[in-house]
Amino acid sequence: ERYMGWGRTVNAQVLPKLPGYVLPWPELNMWSRTLMRDGLVRWARKMTEVVDSQVATFSAMRSLLVIFGALALVLAAVGIYGVISYSVAERVREIGIRIALGAQPGQVRWLMSKQGLRLALAGLALGLVGAVAVTRTLQTLLFGVEAAEPLTLASVSVVLIVVTVFATYIPAARATRVDPGNVLREE
Numbered sequence: 111e112r113y114m115g116w117g118r119t120v121n122a123q124v125l126p127k128l129p130g131y132v133l134p135w136p137e138l139n140m141w142s143r144t145l146m147r148d149g150l151v152r153w154a155r156k157m158t159e160v161v162d163s164q165v166a167t168f169s170a171m172r173s174l175l176v177i178f179g180a181l182a183l184v185l186a187a188v189g190i191y192g193v194i195s196y197s198v199a200e201r202v203r204e205i206g207i208r209i210a211l212g213a214q215p216g217q218v219r220w221l222m223s224k225q226g227l228r229l230a231l232a233g234l235a236l237g238l239v240g241a242v243a244v245t246r247t248l249q250t251l252l253f254g255v256e257a258a259e260p261l262t263l264a265s266v267s268v269v270l271i272v273v274t275v276f277a278t279y280i281p282a283a284r285a286t287r288v289d290p291g292n293v294l295r296e297e
C-alpha cells in the first residue's frame with residue numbers, strides 16, 4: 111500500500127506472470143521493506159490478511175446484530191407478558207362477575223386469551239411490516255442471507271404468540287379460581 115497524500119491509500123497486487131507459479135513471500139517481503147525504507151510504501155500484507163480483516167469486521171457486526179436481535183426479542187416477550195398479564199389482572203372483578211352469572215372458568219380463560227391474541231396479532235402485523243421495511247436498509251450487511259428471511263420472521267412470530275398465550279392464560283386461570291362472592295363483596 112502506498113500513501114498518496116490527502117489521506118488516500120492505494121492497494122497494489124503483485125501477480126506472477128506464469129500460471130500456477132506462487133510468488134515467494136520472503137522475497138516479496140524483502141522487496142517491500144526496501145520500498146518502505148525509501149518511503150514509497152508504508153506496509154505490505156498478504157491479500158489473505160487483507161480479506162480476513164475485512165471479513166472479520168463484517169462478522170463482528172453480524173454477531174452484534176444477532177445479540178441485539180435476541181435481546182430485543184427477550185425484551186419484547188417480557189414487555190408483552192407484563193402488559194397483558196397486568197390487563198387481565200385488572201379485570202379480576204369482571205371475571206368474578208362473569209363466573210357469578212354462570213360462565214364456566216374455561217369460557218372466561220378462552221375469552222381473555224382471545225382478546226389478548228387479538229391485540230398480539232395486530233401488533234405482530236404492524237411489527238412484521240416494520241421489520242420488512244427496515245431489513246431493506248440492512249441488506250448491505252448480510253451475505254448469503256435474505257433480508258426478510260421467512261423462517262426468522264415466522265419463528266419470532268411464534269415465540270411472541272406463545273408468550274401472549276401464556277401471558278393471558280396464567281393470570282386468567284388464577285383469576286377464575288377466585289371466589290365470586292368475595293369479588294362482589296369487595297366493592
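Sequential numbering from 111 applies to the sequence shown in this note's numbering.
For each residue, glycine too, the CB sits at the ideal point set by N, CA and C.
Alpha helix (DSSP H) segment containing residue i, residue limits
i, result
"V275", "260–286"
"Q217", "215–248"
"G206", "202–210"
"E296", "290–296"
Outcome for residue i when other beta-carbon atoms lying within 10 angstroms are tallied against a minimum of 16
i, result
"M222", "buried"
"A264", "exposed"
"T211", "It is Leu, not Thr, that sits at residue 211 in the sequence shown. Exposed."
"A232", "exposed"
"T278", "buried"
For this session: Evaluate the contact criterion for the stretch 213–228 versus the stretch 170–189: three or more CB pairs, one atom per stretch, below 8 angstroms.
Result: Fewer than three beta-carbon pairs drawn from the stretch 213–228 and the stretch 170–189 are found closer than 8 angstroms, and the two stretches are therefore not classed as touching.
For this session: Could you tell me whether the stretch 277–287 touches the stretch 199–208, using the rule of 3 or more Cβ pairs below 8 angstroms?
Result: With the rule of 3 Cβ pairs closer than 8 angstroms, the stretch 277–287 counts as touching the stretch 199–208.
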